[in-house]
Each structure stands twice: as structure tokens, then as C-alpha cells.
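Count along the sequence shown from 1, then add 513; that gives the number in this note's numbering.
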Amino acid sequence: VAQALLQQPSGATMIIYKLRNPNRAPALASRFETLFQHNATSWQDREESTLQLFLTLRMSVAITVSLIILLAGFGIFNVLTMSVLAKIKEIAILRSMGYRRVDVSLIFLWQGALIAAAGSLLGCLLGALMTWGVSHIPIRLRGLLYTNYFLVTWDWRHYVFATLLAILAVFIASYVPARRAAELPPVVTIRGSR
């Protein structure tokens, strides 16, 4: 009916070819153009604006996650700094008993390591639970994507990368308070705390 209304010749106006490997579409499209002398478009060319949108969304998610990790690092820095300030007298006593600066620093670095381990484990568990929950949200999409549920990529490398990033952020946030604790002069600190 549409062909009659538009005064087009009868027959197929479009052929859609599905590939096992969708990344081969551009090469195959140019081959089909040469072979059949007709316009052939790969799905990447046809859906270029949608793919650009996905790339933009991925970048905005990466920026958001980076800012969250940065804020968490500042929070850990504040907690450990307050811990150093609250334990000035104890640190001075340890130093006067013969503990080296390295030993005092290691106490606070270990405290940071425990925070990193607990936070990473809890973060991975909550992340996996939330990812599972989001992947079960019903959403019906037809077109470039064909799905009945929200699409989520399950990849163990995401968890490893997030854990390594969290450990790095905690180490950086723990380093300054640990050095500050080691630099406290024991005699002046004990005299000043009376």
C-alpha cells in the first residue's frame, strides 16, 4: 500500500542482513555496495548518533564515579586526621618508648588499609547487589537494542578496577595523617598535653 501511495515500484526496498559478529558490518556493507551496486549502510553508520549518546553517557558516568571516589578519599583523610589529633598523647608516649617514626606511620597506614579492605568488600557486595537489581528492572526497548530488561554489563574487571582505585585513594588519604603522626615531637607533645 505504501509503495502504491508513493508511486514506488513493487518489490523489496531494504534488505537487513544480520551478522554473527556485528563489528564486521562496515567492511561487509562496502563489499555489498560494490557487489550489488546499491547503497549499503552498516548499523554503526545508521545509529551513529545513538552510539555517540552512549559514549557521552559512559563518560559522564566515569566523571561521576571519579568525583564520588575523590569525595570518599577526602572523608577518609578527615577521619584519619582527626584520629591523629585525638591520639597525640598516645603517639608521643609510643615515640618516647622507642617507637620509630616509621612504626608510628605504619599504625595509621594499617588503619587506612583496614578501612580500604572493609570498604572495598562492602562496596563490591553492594555494587553487585545493586547491579543485579537494576538488571531486573523491566524496560521494553525495540530498535538498536532489543531487550525486555534494563541492560547492565556484568564484568569482574569493573570490580577489580573499583577496588584498586579505592585502595589507591585510601592510601593517598592515609599517607598525610600517618606522616603527621610520625613527625610529632614526643617531649613537646607530652608537656603540652597536661
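Quick reminder that beta carbons are idealized off the backbone N, C-alpha and C, glycines included.
Asked: Could you give the residue range of the alpha helix (DSSP H) that holds residue 688?; Found: 669-696
Asked: Which residue marks the beginning of the beta strand (DSSP E) containing residue 652, and which one marks its end?; Found: 651-654
Asked: With contact counted as at least three CB pairs below 8 Å, one residue from each stretch, are the segment 584-600 and the segment 641-658 in contact?; Found: no
Asked: Is residue 542 near residue 558, with beta carbons less than 9 Å apart?; Found: yes
Asked: As a quick exercise: from 556, 679, 549, pick the residue whose alpha carbon is nearest that of residue 634.; Found: 679
Asked: Comparing C-alpha positions only, which one of 683, 601, 663, 596 sits nearest to residue 631?; Found: 683
Asked: Pick out whichever of 570, 673, 544 has its Cα sitting closest to the Cα of residue 555.; Found: 544
Asked: Does residue 571 pass the burial test, meaning 16 or more other C-beta atoms within 10 Å, or should it be called exposed?; Found: exposed
Asked: The alpha helix (DSSP H) spanning residue 591 covers which residue range?; Found: 561-599
Asked: Could you pull out every residue in the same chain whose Cβ sits closer than 7 Å to the Cβ of residue 644, ignoring the five residues on either side in sequence?; Found: 665, 667
Asked: Should the segment 566-581 be called in touch with the segment 597-617, which here means at least 3 C-beta pairs below 8 Å?; Found: no
Asked: Below 9 Å between beta carbons: does that hold for residue 596 and residue 690?; Found: yes
Asked: Per DSSP, which one or two residues make a beta bridge with residue 660?; Found: 654
Asked: Can you look up residue 611 in the DSSP assignment and give me helix, strand or coil?; Found: coil
Asked: Looking only at its own chain, which residues have a Cβ that is under 6 Å from the Cβ of residue 686, when we skip the five neighbours before and after it?; Found: 586, 589, 590
Asked: Quick one: is residue 617 buried, meaning 16 or more other Cβ sit within 10 Å of its Cβ, or exposed?; Found: buried
Asked: Take residue 663 and list the residues in its own chain whose beta-carbon comes closer than 7 Å to its own, dropping the five residues that flank it on each side.; Found: 647, 648, 650, 652
Asked: As a quick exercise: from 694, 675, 693, 692, pick the residue whose alpha carbon is nearest that of residue 575.; Found: 675
Asked: May I ask which residues mark the beginning and end of the alpha helix (DSSP H) holding residue 555?; Found: Premise fails: residue 555 is in no alpha helix (DSSP H) and is neither H nor E.
Asked: Decide if residue 621 is buried, meaning its Cβ has at least 16 other Cβ atoms within 10 Å, or exposed.; Found: buried
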